[in-house]
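J.: Have a look at the structure that comes next, please.
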Amino acid sequence: MKTHVTTDINDEAVEFLCEPQHTLLHVLRNELGLTGTKEGCGSGDCGACSVTVNGRLVCACLVLAVEADGAKIGTIEGVANRDSLHIIQEKYLEHAALQCGICTPGLIVSTQALLEENPNPTEQEARYFLAGNLCRCTGYDKIIRAVMDAAQCLRQGA
Amino acid sequence: MTGTSYRSPESIEEAVDLLAASSGTVDILAGGTDLIIQMQGSIGDQRLIINVKHISEMMQATLTDDALLLGPAMCCAELTSRADIKQWFPGLIESAYLIGSSQVQGRASVGGNLCNASPAADTIPALIALGAVCHIVGPSGERSVNAEDFVTGVSSNCMADNELLRCIQIARPEPNTADAYLRFIPRSEMDIAVAGAAVSVTVNDGVCTSARVAIGAVATTALLVPAAAAALVGSDLGEDALDAAAAASTLAAKPITDRRGTVEFRKHIVGVLTKRAAGIAAARARGN
């Protein structure tokens, strides 16, 4: 039985119909066309589908779409400011912190969540916080350099 | 066509009524980090999902004069950010902080960890060491079960199908009391315990006057180990007492061999973890 859901995605009111067993990831990608959120493992292990629900970082594959009712959802599509990239995105480009790109939206959403919670993380804290975002290309070093650089720029108000 | 339906009650009473009225499979949805994966293999079943996260008392943690009243569905990320709770129960916070990734901690809850009843659950030994009491509500009223009696086997707990875990109560620690939790995993994070140990001790004038030891991932359920606690009580928590507690944990463990560890390794390492966790708890209880 389809359920009607009223939610807020990236500060825009959104309504959709979904089956109760469908995940938020399924609805974002297949019903709402928000394909920036990637499906990797579908079991909460890889972080490619990282989004925020009421400001809390989660895997969209481990959230039911019906749970979005009345909640505020944040996805990678809401990170940039219209025409200009977010500084975290700029730093990922600058440090070449991506290769195939499948993990990148999830990593950027997670990086934003990290820096909102802890604007001045140590490298160890950043690595631990981002441990749920798997990247099979970069070896993580460039990602961590981008994260640390972005953190410094954000602290300086750049 | 599937028969899945979804309800999101806003009170315990409403949730209990839903449970009582339902005849098919009912799943309580807290963090969903186990449930949603389990559901993926069973599309087509008649199933009612009851999301308990709109019940405010299930999502809150309150410190009263004499206890922590923990809402079972509060996510671990919120719990581990609570400095007031960490001050009382650093070992419980350690155990919650070890569950999965940041993303998983944004959903997973202590109550869910307990009800899902994995032998390797990290928070269950910590709850047992703290003497946590589980308050269960059902159609015929409320009952309370000690944490060590809550889990009855692999993926099974003591609750009937129409019952709900409404609160986890942990008594305020006595003065000079502290807990600690350690687990062994082969990597640095995001793994499942090969073995775990939680210890709570009270130290007065250099002597251990009270202790509880619980071990995880070395039997079908987490185990309270009274013999390990007995080895600590009355001692100065020196090397000999910690070694005796370690030996008691090794003896109490009834592990299996699987791809994460052998029986021999698990029995050994759960002793090592007991000794180290007791040492950390003792240092905390002494205030250093």
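Protein sequences appear in the order of chains A and B. Each residue of the first sequence is one higher than the one before, starting from 2 at the first, in our numbering. Each residue of the second sequence is one higher than the one before, starting from 777 at the first, in our numbering. C-beta: ideal position from N, C-alpha, C; glycine also. It should be emphasised that the depicted structure is a prediction, and the values quoted were computed from it without experimental measurement.
Do the CB positions of residue 809/B and residue 56/A come within less than 7 Å of each other?
T.: The sequence position of residue 809/B within the second sequence is 33, counting from 1. The sequence position of residue 56/A within the first sequence is 55, counting from 1. Not a contact, by the Cβ cut-off of 7 Å.
J.: From the DSSP output, which residues share a beta bridge with residue 911/B?
T.: Position 135 of the second sequence, counted from the first residue, corresponds to residue 911/B. According to DSSP, which records beta bridges pairwise, residue 911/B is partnered with 920/B and 943/B.
J.: Helix, strand or coil, according to DSSP, for residue 869/B in the structure here?
T.: To locate residue 869/B, count along the second sequence from 1; it is residue 93. Residue 869/B: helix per DSSP, three-state reduction.
J.: Against chain A, does residue 781/B count as a neighbour if the rule is that its beta carbon must be under 7 Å from one of theirs?
T.: Stepping through the second sequence from its first residue, residue 781/B is reached at position 5. Taking Cβ atoms only, chain A reaches closer than 7 Å to residue 781/B, which makes this a yes.
J.: Within the segment 964-1031 of chain B, note down every full beta strand (DSSP E) run reaching 3 residues or more, in order along the chain.
T.: Correct list: 971-980 and 983-992.
J.: Thinking C-beta only, is residue 120/A closer than 7 Å to residue 37/A?
T.: The residue labelled residue 37/A in the question sits at position 36 within the first sequence. The residue labelled residue 120/A in the question sits at position 119 within the first sequence. Not a contact, by the Cβ cut-off of 7 Å.
J.: Could you check where the beta strand (DSSP E) with residue 756/B kicks off and where it finishes?
T.: It is not possible to answer for residue 756/B, since the shown part of chain B is limited to 777 through 1064.
J.: With DSSP as the reference, label residue 83/A as helix, strand or coil.
T.: Within the first sequence, numbered from 1, the residue matching residue 83/A stands at position 82. The answer is coil: DSSP assigns residue 83/A none of H, G, I, E or B.
J.: Could you tell me which residues DSSP pairs with residue 51/A in its beta bridges?
T.: By 1-based counting over the first sequence, the position of residue 51/A is 50. Per DSSP, 60/A.
J.: Residues in its own chain within less than 6 Å of residue 994/B by CB, not counting five upstream and five downstream?
T.: Working through the second sequence from its first residue, we reach residue 994/B at position 218. Counting only Cβ-Cβ distances below 6 Å, and skipping sequence neighbours, we find 971, 1029, 1031, 1042 and 1046.
J.: Let me confirm a value: residue 838/B is counted as buried when at least 16 other C-beta atoms fall within 10 Å, else exposed. Which label applies?
T.: Taking the second sequence and counting its residues from 1, one reaches residue 838/B at position 62. Label assigned to residue 838/B: exposed.
J.: Can you grab the Cα-Cα spacing for the pair residue 829/B / residue 19/A, in whole Å?
T.: Taking the first residue of the second sequence as 1, we reach residue 829/B at position 53. Taking the first residue of the first sequence as 1, we reach residue 19/A at position 18. If I take the Cα positions, the gap works out to 19 Å.
J.: How long is the line joining the alpha carbons of residue 1071/B and residue 782/B, rounded to whole angstroms?
T.: Any question about residue 1071/B goes unanswered here, given that chain B covers just 777 to 1064.
J.: Do you know how far the Cα of residue 88/A is from the Cα of residue 65/A?
T.: Start at 1 with the first residue of the first sequence, and residue 65/A comes out as number 64. Start at 1 with the first residue of the first sequence, and residue 88/A comes out as number 87. Computed Cα separation, rounded: 31 Å.
J.: For residue 67/A and chain B, any beta-carbon pair shorter than 7 Å?
T.: On the first sequence, position 66 is the one that residue 67/A refers to. Answer yes: the Cβ-Cβ gap between residue 67/A and chain B drops below 7 Å somewhere.
J.: With a threshold of 16 other CB atoms inside 10 Å of the CB of residue 827/B, please say whether the residue is buried or exposed.
T.: On the second sequence, position 51 is the one that residue 827/B refers to. By the 10 Å Cβ count, residue 827/B comes out buried.
J.: Give the range of the alpha helix (DSSP H) segment to which residue 99/A is assigned.
T.: Numbered from its first residue, the first sequence carries residue 99/A at position 98. Premise fails: residue 99/A is in no alpha helix (DSSP H) and is neither H nor E.
J.: Rounded to whole angstroms, what's the CA-CA distance from residue 146/A to residue 125/A? Just pull it up for me.
T.: Translated into the one-based positions of the first sequence, residue 146/A becomes position 145. Translated into the one-based positions of the first sequence, residue 125/A becomes position 124. If I take the Cα positions, the gap works out to 12 Å.
J.: What first and last residue would you give for the alpha helix (DSSP H) that runs through residue 142/A?
T.: Translated into positions along the first sequence, residue 142/A becomes position 141. 142-156 is the extent of the alpha helix (DSSP H) around residue 142/A.
J.: Are the segment 898-918 of chain B and the segment 867-877 of chain B in contact at 8 Å, needing three or more beta carbon pairs?
T.: Judged by Cβ distances under 8 Å, the segment 898-918 of chain B makes contact with the segment 867-877 of chain B, as three or more pairs qualify.
J.: Going by Cα to Cα distance, which pick from 1048/B, 1034/B and 1035/B is closest to residue 1023/B?
T.: As a position in the second sequence, residue 1023/B is number 247, starting the count at 1. Ranking 1048/B, 1034/B and 1035/B by Cα distance to residue 1023/B puts 1048/B first.
J.: Against residue 828/B, what residues of chain A qualify as contacts under a CB-to-CB distance less than 7 Å, listed in chain order?
T.: On the second sequence, residue 828/B is found 52 positions in, with the first residue counted as 1. Chain A residues near residue 828/B: none, gap ~11 Å exceeds 7 Å.
J.: Closer than 7 Å, Cβ to any Cβ of chain B: which residues of the segment 118-142 of chain A, in chain order?
T.: Answer set for the segment 118-142 of chain A: 129, 130, 132 and 133.
J.: Is there a Cβ from chain B that is less than 7 Å from the Cβ of residue 106/A?
T.: Position 105 of the first sequence, counted from the first residue, corresponds to residue 106/A. No - not a single Cβ of chain B is within 7 Å of the one on residue 106/A.
J.: Would you list the one or two residues that DSSP bridges to residue 960/B?
T.: Working through the second sequence from its first residue, we reach residue 960/B at position 184. Beta-bridge pairing links residue 960/B to 971/B.
J.: Going along the chain, which residues of its own chain have a beta-carbon closer than 8 Å to the beta-carbon of residue 1057/B, five neighbours each way excluded?
T.: For the purposes of this step, residue 1057/B is taken as residue 281 along the second sequence, with counting starting at 1. 867, 954, 955, 956, 975, 976 and 977, listed in sequence order.
J.: Excluding sequence positions up to five away, which residues of its chain have a Cβ less than 7 Å from the Cβ of residue 34/A?
T.: The count along the first sequence starts at 1 and reaches residue 34/A at position 33. Same-chain partners within the cutoff: there are none.
J.: By the DSSP assignment, the beta strand (DSSP E) with residue 826/B in it spans what residues?
T.: As a first step, residue 826/B is located in the second sequence; it is residue number 50 there, counting from the start. Residues 822-827.
J.: Please confirm if residue 879/B has its CB atom under 7 Å from at least one CB of chain A.
T.: Residue 879/B sits at position 103 when you count from the first residue of the second sequence. Chain A, which has a Cβ nearer than 7 Å to the Cβ of residue 879/B, makes this yes.
J.: Residue 830/B by DSSP, collapsed to three states: which one?
T.: Reading the second sequence from its first residue, position 54 is the one you call residue 830/B. Coil, per DSSP.
J.: Look up residue 1035/B in the DSSP assignment and say whether it is helix, strand or coil.
T.: Here residue 1035/B is taken as the residue at index 259 of the second sequence, counted from 1. Residue state, collapsed to three classes: coil.
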